[in-house]
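Number of protein chains: 2
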Amino acid sequence: MISLYKVGGNVVDNPEALERFCEEFAALEGPRVLVHGGGVRASQVQQALGQEPVKIEGRRVTDAATLEVVTMVYAGWCNKDIVARLQHHGCNAIGLAGCDGGAVTARRRPPKTLSDGVTVVDFGYVGDVTPASVNREFILRLLDAGLVPVFSAINHDGAGQLLNTNADTMAAAICVALGAKLFYCFEKNGVLCDRNDETSVIPTLDPAAYQRLKDEGRVADGMIPKLDNAFRALRDGASGVVIRNAARLLESGGTELKL
Amino acid sequence: MISLYKVGGNVVDNPEALERFCEEFAALEGPRVLVHGGGVRASQVQQALGQEPVKIEGRRVTDAATLEVVTMVYAGWCNKDIVARLQHHGCNAIGLAGCDGGAVTARRRPPKTLSDGVTVVDFGYVGDVTPASVNREFILRLLDAGLVPVFSAINHDGAGQLLNTNADTMAAAICVALGAKLFYCFEKNGVLCDRNDETSVIPTLDPAAYQRLKDEGRVADGMIPKLDNAFRALRDGASGVVIRNAARLLESGGTELKL
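Keeping their order, the protein sequence lines are chains A and B.
Take the first sequence: its position 242, counted from the start at 1, is 282 in our numbering, and no numbers get skipped.
Take the second sequence: its position 98, counted from the start at 1, is 138 in our numbering, and no numbers get skipped.
Shown next, in the form of structure tokens:
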């Protein structure tokens, strides 16, 4: 069974949290893939370069200058920093963007109507991926060779254009293509019944219970697209989905999704 | 016979020249590796971030902030831009830094006495590589799988630290480790007898003729370390060294070194 871990910017951009995550990830066993974010640092570099980060409904509008920054930060600094740390801890990691080896091809997102039903936004150099756009054989060959692929969410369209992709959806697409088990790792212990109480982790969550949590306002804004995405991955063929703390990879725990 | 191409910042940082290079590189046949620079863009990004690039005897002094920039620019933007272009032209490229798959390990350069014999400089996070620090088996496995490795000159020390490496010496080290033929590609047609006349290419150059060119002042400052490095690679086991125009890969020509 292949495990696919997704870790977000709140961990990647915090050197202590990242080091702990890498040490634990390296100590895991079995074939595994890591997909990482890095959005906090990307916004900092944009601002240092005098660019104003623009996000609409949580997604970064990516003009040419922004594409260069996110490629530098995600595929460059974050990716190689993670790989060097994993190598140090004895994990034979190989850092990749979707273009490398033709691993993942994305489709540039057409202008999109927002949830208000009126505003149409062109997100620029943003690419969407599906399980069908993942080069499963290439990733399996790397795993067979004992390598641990570490992906940034920078992809290409196959016609020479790099595209910025949401790391959660990229993780889900690779996971479904591989029939892997998905571990969404972040700074909380799982889906919480009371979001101010880290001990209130809900051990299993099905769509009906998720709907109740939403109705009661117990899941926060950022968790909703993450959970929607996670349930979709489970329906589409992921062999399991767990949401857990990035600092506790070696323990059991977290929230397991069920259909 | 494996071919190893090195292309520098003057080509990588010029979109038209880079596109032409990638189109021709993709049309080449046989197992091949690319090592690229990107120093012009790195200096621009440093300046845009309010850092002042410091170079001593042609080498960039690399503090922590500079290391982040060169990793972002070389291993991030330049590397993925090149890979996406090569993929578009049908070449199954895979972009790598030395840390990826443990491909190349570097040794942090100790403080160094300059050519004045007095000044001692700590270059910071700068790493030196030798043919022995190249993971030959890993690179051969990629080539056997039909992949074309594309390396930025960012390496690691195996203890979690990334290190900035000179791309010419990294190319030479990989070339010697593989027993490959080295092609140094740049914006001129080869080593010129008259540096203002692009038709005055010297077809073959041996150490005695090189010494005469230096004595007569015909080779310029930047060419001397490049040629010293190239002759060293040839002595150490490269199966050939050619210096040629990055825009004319598919033609014969350029300067071939002989011992």
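We put the CB at the ideal spot given by N, CA and C, even for glycine.
- When the Cα atoms are used, A/Ser-292 and B/Ala-270 turn out to be separated by approximately 55 Å.
- Note on the segment 137 to 202 of chain A: whole alpha helix (DSSP H) runs with a minimum of 4 residues are 176 to 184, in chain order.
- The residues Ile-122, Arg-125, Leu-126, His-129, in chain order, have a CB closer than 7 Å to that of B/Cys-62 in the same chain once the five nearest residues on each side in sequence are set aside.
- Boundaries of the beta strand (DSSP E) harbouring A/Lys-221: 221 to 226, taken from the DSSP string.
- Selection B/Val-109, B/Ala-220, B/Glu-227, B/Lys-46 evaluated against B/Ser-83 yields B/Val-109 as nearest (Cα-Cα).
- DSSP links A/Tyr-250 through a beta bridge to no other residue.
- Between B/Val-216 and B/Arg-72 a beta carbon distance of about 16 Å is seen, past the 8 Å cut, so the two are scored as non-contacting.
- Ala-88: these are the residues of the segment 63 to 88 of chain A whose beta carbon lies less than 7 Å from some beta carbon of chain B, given in chain order.
- The C-beta distance from A/Ser-192 to A/Asn-119 rounds to 5 Å, short enough to fall under 8 Å.
- Under the three-state reduction of DSSP output, B/Ser-83 falls in the helix class.
- Counting along the chain, A/Arg-284 sits inside the beta strand (DSSP E) bounded by residues 280 to 285.
- Nearest Cα to A/Ala-143 within the set A/Ile-214, A/Tyr-224, A/Ala-67: A/Ile-214.
- Residue contact check for A/Glu-108 against chain B: a CB pair falls below 8 Å.
- Put simply, of B/Ile-264, B/Asp-234, B/Gly-116, B/Asp-261 the residue whose alpha carbon is nearest the alpha carbon of B/Ile-194 is B/Gly-116.
- At a beta-carbon threshold of 7 Å, the residues of chain B lying near A/Arg-181 are Ala-185, ordered along the chain.
- The beta carbon of A/Asp-53 lies closer than 6 Å to those of Val-80, Arg-81 in the same chain, with the five residues before and after it left out.
- Nearest to B/Ala-146 by C-alpha distance, out of B/Thr-153, B/Gly-138, B/Lys-152, is B/Gly-138.
- The straight-line gap separating the alpha-carbon atoms of A/Leu-180 and A/Gly-230 is approximately 29 Å.
- Your pair A/Ala-207 and A/Lys-46 checks out as a contact, with CB atoms roughly 6 Å apart and the cut at 8 Å.
- According to the DSSP assignment, B/Thr-295 belongs to the beta strand (DSSP E) that extends over 295 to 297.
- Nearest neighbour of B/Pro-243 by Cα position, chosen from B/Glu-56, B/Thr-205, B/Thr-295, B/Gly-257, turns out to be B/Thr-295.
- Taking all protein chains in view, the Cβ of A/Ser-155 is surrounded by fewer than 16 other Cβ atoms within 10 Å, so the residue is classified as exposed.
- Membership of A/His-76 in the beta strand (DSSP E) is indicated by the continuous run 72 to 76.
- For the C-beta of A/Asp-121, the chain B residues within less than 8 Å are, from N- to C-terminus, Thr-111, Leu-202.
- If you draw a straight line from the Cα of A/Val-241 to the Cα of A/His-76, it comes to about 24 Å.
- Residue A/Ile-283 holds the alpha-carbon nearest to the alpha-carbon of A/Leu-222 among A/Asp-168, A/Ile-264, A/Ile-283.
- Proximity to B/Val-161 across B/Pro-171, B/Val-94, B/Gly-70, B/Asp-197 peaks at B/Val-94, based on C-alpha coordinates.
- Within the segment 124 to 143 of chain B, contact with chain A at the beta-carbon level (separation under 7 Å) is assigned to Ala-124, Arg-125, Gln-127, His-128, Asn-132, Ile-134, Gly-135, Ala-137, Cys-139, Asp-140, Gly-141, Gly-142.
- Put simply, the CB of B/Ile-214 is far from chain A, with every gap to its CB atoms at 8 Å or more.
- For B/Leu-126, the enclosing alpha helix (DSSP H) starts and ends at 119 to 128.
- Nearest neighbour of B/Ala-66 by Cα position, chosen from B/Ser-43, B/Gly-98, B/Lys-298, turns out to be B/Ser-43.
- One Cα belongs to B/Met-112, the other to A/Val-113, and the distance between them is close to 6 Å.
- Going by beta carbons, B/Leu-203 and B/Gly-167 fall inside the 8 Å limit.
- For B/Glu-97, same chain residues with a beta-carbon under 8 Å away, outside a window of 5 residues either side, are Leu-154, Ser-155 in chain order.
- Here A/Thr-244 carries a strand assignment [DSSP, helix/strand/coil].
- Separation of A/Asp-103 and B/Glu-59 (C-alpha to C-alpha, rounded to the nearest whole angstrom) is 21 Å.
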